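Structure first, then comments.
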Amino acid sequence: MIKKRLEKMSPNGHGAYNLWKATKSLPQPQQCSPPIRSGSTWARTDQEKSEAFAIHLSSVFKPNDADTPEDPEIEAILKQDLQMCLPLCHTTPKELTKIISKMNPNKSPGFDLITPRLLKELPRKCLVFLTILFNATFRTSHVPTLWKTSQIVMIHKPGKPPNEASSYRPISLTPVLSKLWERIVLERLSPCLEINYVIPDHQYGFRKHHSTIEQVHRVYSTIRQCLEQKEYCSAAFSGRPTSVRSCMA
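Heads up, the sequence shown is in the UniProt record's numbering, so the first residue is 1 and it goes up one at a time.
As structure tokens, then:
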């Protein structure tokens, strides 16, 4: 059976017959976490490494200096209770079941260790309790603090020295219940955004059927059109200097 499956695999196959997905599903070799250089010392224990990464991230992610004066009218509106709050349609156990069925069961959990696979095994009574909980967040406009707490995991950048804190990038693992709640809210926001054309056509981030490759083609087409028409083509890059240099390269 394994031989027949291998014969049917191809780089452009679908589902289980996709060669790339089959390769990714294989267990990866475990790599040891090396000591991290922290100033003039070395961080060897998990606690020392966490502190070293915390110092590095705090030096990288700094808020921009805002010199814009505050507008009293805007500040007054923001301090009002439930400003511009439109009532959201309540969810149902049927909607929860539909969204849970589309979740990837192999996704990493958050700090609470609740996985999508666990949600798929919940009985209907638990889904009813979750429905009541989600509807309460819509009614009170309050999201539990634990749903907004994420677990930070550092991922090593390929080709970078593993003993430097700058060679790792952080990812946030939010609780699965938080992701489920976000998808429910997204189902209610997306129609409003599309009908009222809130999102401009040139925005490709966090949108369905708008990949990075398509945006690159769009930028390339704009530059080529300007060159053919002998016009100036200006571009603005927002981000870290290293990221901008790598994009321009």
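We treat Cβ as the ideally placed atom computed from N, Cα and C, and that holds for glycine. Note that the structure is predicted; figures quoted are calculated from it, not measured.
With fewer than 16 other Cβ atoms inside 10 Å of its own Cβ, Ile155 counts as exposed. Here His156 carries a strand assignment [DSSP, helix/strand/coil]. Shown here, Tyr168 sits in a strand according to DSSP, grouped into three states. In terms of Cα proximity to Phe237, the closest of Glu182, Leu227 and Val219 is Val219. Taking 8 angstroms as the cut-off, the beta carbon of Leu57 is found closer than this to the beta carbon of Pro170. Considering only Leu180, Asn163, Cys226 and Phe206, the residue with the shortest C-alpha distance to Pro105 is Leu180. Around the beta carbon of Leu130, 16 or more other beta carbons sit within 10 angstroms, so the residue counts as buried. Non-local beta-carbon contacts of His90 in its own chain, meaning distances under 6 angstroms to residues more than five positions away in sequence, involve Asn135 in chain order.
Secondary structure of Thr115 (DSSP, three-state): coil.
Within the region 26-103, the runs of beta strand (DSSP E) at least 3 residues long that lie entirely inside it are, in chain order, 36-38 and 41-43. Around the CB of Ile223, fewer than 16 other CB atoms lie within 10 Å, so the residue is classed as exposed. The C-beta of Leu113 has fewer than 16 other C-beta atoms within 10 Å across all chains shown, which makes the residue exposed. Three or more Cβ pairs closer than 8 angstroms define a contact, and the region 136-154 falls short of that threshold against the region 193-209. Taking the C-beta atoms as reference points, Arg188 is found nearer than 8 angstroms to Leu88. Taking the Cα of Lys157 as reference, the smallest distance to any Cα among Lys148, Ser150 and Ser167 is reached at Ser167.
Beta-bridge annotation (DSSP): Gln151 is paired with Leu173. For Asn106, the three-state secondary structure derived from DSSP is coil. Rounded to whole angstroms, the separation of the alpha carbons of Gln203 and Asp67 is 27 angstroms. One Cα belongs to Lys107, the other to Ile195, and the distance between them is close to 32 angstroms. Under the three-state reduction of DSSP, Phe138 is assigned to helix.
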